[in-house]
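Taking this note's numbering, I'd label the letters of the sequence shown as residues 18 to 129.
Just so you know, even glycine gets a beta-carbon here, dropped at the ideal spot from N, CA and C.
Contents: one structure, followed by commentary.
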Amino acid sequence: MSSDFAFWKAIPGEPEQIYDNVCEGITDGLPASADVLRFREELLRRLPHLKDELEPGDYELEENPENVDKYVVLTLAYGSLRDTFDEVLDLAKAHGLAGFSGVAGEPIFFDE
């Protein structure tokens, strides 16, 4: 089993709806953000084994390269949650991102 987590630059709106839109490939309402791009790059540098668990993936970026700095969706196996999730959250917080947990059905926000 696995769980999906989506991250994006915090914007006004309902997190669950933003998550649903991202999962459907609807990203028009998401702003491009260097913070999202830096999060993605640092995530892959620190945890390269997540490359195949990350969206948008290489194929998706060939089709829609503008999404590289709009969002990141991670599909994490439950076994890897223990090992990596705290680091993922720390990175998202450091880059000022918000997000949503698909399985928990709850937003992920970070207080400054």
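Contact between Leu-91 and Leu-78 is absent: CB atoms are separated by about 16 Å, not below the 8 Å threshold. In the DSSP annotation of this structure, Ala-121 is not part of any beta strand (DSSP E), being labelled neither H nor E. A check of alpha carbon separations from Glu-41 across Ala-115, Asn-84, His-112 identifies Asn-84 as the nearest. Around the Cβ of Arg-63, a 10 Å sphere holds fewer than 16 other Cβ atoms; the residue is exposed. Under the three-state reduction of DSSP output, Thr-44 falls in the coil class, being neither helix nor strand. When the five nearest sequence neighbours on each side are left out, the beta carbons in the same chain lying within less than 7 Å of the beta carbon of Lys-110 are those of Phe-127, in order along the chain. Leaving aside the five residues that flank Leu-54 on each side, the residues in its chain whose CB is nearer than 7 Å to its CB run, in chain order, Val-85, Asp-86. Trp-25 is not a Cβ neighbour of Leu-106, given a cutoff of 9 Å. Around the beta carbon of Ile-43, a 10 Å sphere encloses fewer than 16 other beta carbons of the protein chains shown; the residue is thus reported as exposed.
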